[in-house]
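Enquirer: According to my numbering, the sequence shown is numbered sequentially starting from 3.
This is the structure I have questions about; it appears just below.
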Amino acid sequence: MASSSTPATPLLYSCIAHNTTILSECTTSASSQTSSLASLILPKIDHSTPQKLTYTHGAYHIHYISEAPSDHDPHNPSAGGLVFLVVADSSLGRRISFGYLVEVRNRFFARYPAATTEFGDLPDYGAGAFNSELRSLMVEYGTTGAGQNDAITNVQREIDDVRGIMTRNIEGLLERGERIDLLVDKTDRLGGSAREFRVRSRGLKRRMWWKNVKLMGLLGLVVVLIVLTIVISIKNSV
Numbered sequence: 003m004a005s006s007s008t009p010a011t012p013l014l015y016s017c018i019a020h021n022t023t024i025l026s027e028c029t030t031s032a033s034s035q036t037s038s039l040a041s042l043i044l045p046k047i048d049h050s051t052p053q054k055l056t057y058t059h060g061a062y063h064i065h066y067i068s069e070a071p072s073d074h075d076p077h078n079p080s081a082g083g084l085v086f087l088v089v090a091d092s093s094l095g096r097r098i099s100f101g102y103l104v105e106v107r108n109r110f111f112a113r114y115p116a117a118t119t120e121f122g123d124l125p126d127y128g129a130g131a132f133n134s135e136l137r138s139l140m141v142e143y144g145t146t147g148a149g150q151n152d153a154i155t156n157v158q159r160e161i162d163d164v165r166g167i168m169t170r171n172i173e174g175l176l177e178r179g180e181r182i183d184l185l186v187d188k189t190d191r192l193g194g195s196a197r198e199f200r201v202r203s204r205g206l207k208r209r210m211w212w213k214n215v216k217l218m219g220l221l222g223l224v225v226v227l228i229v230l231t232i233v234i235s236i237k238n239s240v
């Protein structure tokens, strides 16, 4: 769950996983769909070659960098199963999101060296100590000019051309049942919004009714005072 003390950032959810095992994660969004998108994508990632890929789903972009064993020490290839993933608001674009992922990857390997860490042996949230680092970077790269400039610099230095990163619609990746799960989740959120709208509408109608009652009461009081004034004036003149 997003902390109320976390500034709003377009980087909504981020995780580091080994295959499908979440080692570290952070969410800054109140929506549960951001983490469910990640859980649907992780099992589909192919680690035979390194990948940088973006999936789209409505207002969300899911960006990830995945490792491959061929990029790491053959004596300890477990780092080849790692994925660095972020779910972001689509308005943020890709340069900042991938710049963020590059920085997350660099810091993660600085803390958990690829050559000496057996990532396959780590349990769920086995790198939970890195959660606070994710949160800090999500806020920095999502909300500050300096952080976004750093993200762009990372992309320019370590990714040849972000425009060459493939973008796919998530609907084409998922099985029918998984698409239904996303649809149900979206329908639930729309239903919640509709209920909230109805509650607000009823509250507004109630407030408008009370305003009308008060206004009519005030007008009635004015009429009564005018009548009393006229009656008193007539009696005084007789």
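Beta carbons: idealized from backbone N, C-alpha and C, even for Gly.
Please read these numbers as outputs of a predicted model, since none were measured by experiment.
Applying the 10 Å Cβ sphere with the 16-neighbour rule, what's the burial state of proline 52?
Expert: Answer is exposed; the Cβ neighbour count stays below 16.
Enquirer: Among the residues of its own chain, which have a CB less than 6 angstroms from the CB of phenylalanine 86, if the five just before and after it don't count?
Expert: Here the set comprises Ile18, Ile67, Leu103, Val106 and Arg107.
Enquirer: Tell me whether aspartate 123 sits in a helix, a strand or coil according to DSSP, three-state version.
Expert: Reduced to three states, the DSSP call for aspartate 123 is helix.
Enquirer: So, helix, strand or coil for glutamine 105, using DSSP?
Expert: It is glutamate, not glutamine, that sits at residue 105 in the sequence shown. Glutamate 105 falls in the helix class under three-state DSSP.
Enquirer: Please report the Cβ distance between glycine 122 and serine 80, rounded to the nearest whole angstrom; I am assuming they are in contact, meaning their Cβ atoms lie under 8 angstroms.
Expert: Right, the Cβ-Cβ distance comes to about 5 angstroms (below 8 angstroms), so this counts as a contact.
Enquirer: Report the residue ranges of all beta strand (DSSP E) runs contained in full by the segment 53-123; include only those spanning at least 3 residues, in chain order.
Expert: Whole beta strand (DSSP E) segments, 3+ residues: 53-59, 62-68 and 84-91.
Enquirer: From histidine 63 to arginine 204, what distance separates their C-alpha atoms?
Expert: Going from the Cα of histidine 63 to the Cα of arginine 204 covers about 36 angstroms.
Enquirer: Suppose the cutoff is 6 angstroms on Cβ atoms and the five residues either side in sequence are ignored; what does the same chain contact list for glutamate 120 look like?
Expert: Closer than 6 angstroms at the Cβ level, and outside the excluded window around glutamate 120, lie Ser80.
Enquirer: Aspartate 75 and alanine 112: beta carbons closer than 7 angstroms?
Expert: For aspartate 75 and alanine 112, no; Cβs fall outside 7 angstroms.
Enquirer: Looking at the structure shown, is threonine 22 part of a helix, part of a strand, or coil, going by DSSP?
Expert: Threonine 22 falls in the coil class under three-state DSSP.
Enquirer: For alanine 262, which residues of its own chain have a beta-carbon under 6 angstroms away from its beta-carbon, when the five flanking residues on both sides are left out?
Expert: Nothing in the structure corresponds to residue 262, since the chain is present only between 3 and 240.
Enquirer: Exposed or buried, isoleucine 24, counting other C-beta atoms within 10 Å across all chains shown (16 or more means buried)?
Expert: So isoleucine 24 counts as buried.
Enquirer: Could you pull the start and end residues of the alpha helix (DSSP H) that serine 37 belongs to?
Expert: Note, serine 37: alpha helix (DSSP H), 35-43.
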